[in-house]
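Numbering (the UniProt record's numbering), first residue to last: 1 to 133.
We put the beta carbon where it would ideally sit given N, CA and C, even for glycine.
Beneath this line is the structure, given in structure tokens, with notes to follow.
Below, the structure written as structure tokens:
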């Protein structure tokens, strides 16, 4: 690989790290709370999803056993499996940016927290920190 491409990828990686640093630490904080766990549900197939989590350095935020692919079964079914795993007595909050997450959350009577930018993650972090969720 040429030095120019290496420099380009380094700048991209640094830009990504800058943009998602706050998101990462807020999610990591949520995961380290004794009563919270991060679970990732994605429409990406499982192996590419795992690769992305590792590539973006999010392995500490989303443990491998908490990553679900909705590619073949849909998000609602994934949410049902999560409820089956963790139980009905938990409070679930679906965090996402898409209509399909919101629809699946509503069908299971889960609150939905829309994420459009960093301020939404910061607000979620604050709500969790104050015990509102």
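Taking all protein chains shown into account, decide if residue 51 is buried (16 or more other Cβ within 10 angstroms of its Cβ) or exposed. Taking a 10 Å sphere around the C-beta of residue 51, we find fewer than 16 other C-beta atoms and assign the residue as exposed.
Alpha-carbon spacing of residue 81 relative to residue 10, whole angstroms: Take the alpha-carbon of residue 81 and the one of residue 10: they are about 39 Å apart.
Reduced DSSP category for residue 67 - H, G, I as helix; E, B as strand; rest coil: Correct three-state label for residue 67: strand.
Can you tell me whether residue 81 is helix, strand or coil according to DSSP? Three-state DSSP puts residue 81 in a helix.
Helix or strand or just coil, what does DSSP make of residue 46? In this structure, residue 46 counts as helix in the three-state DSSP scheme.
Residues in the same chain with beta-carbon distance under 6 Å from residue 112, minus the five sequence neighbours each way, listed in chain order, please. Cβ within range, chain order: 94, 102, 105.
With a Cβ-Cβ cutoff of 8 Å, do residue 40 and residue 66 count as a contact? A contact, by the Cβ cut-off of 8 Å.
Flag residue 85 as yes when its Cβ comes closer than 7 Å to any non-hydrogen atom of the ligand ATP, and as no otherwise. In the structure on display, the ligand ATP does not appear, and there are no ligands present to speak of.
Among 90, 114, 130, 45, the one whose alpha carbon lies nearest that of residue 74: The alpha carbon of residue 74 has as its nearest neighbour, out of 90, 114, 130, 45, the alpha carbon of 45.
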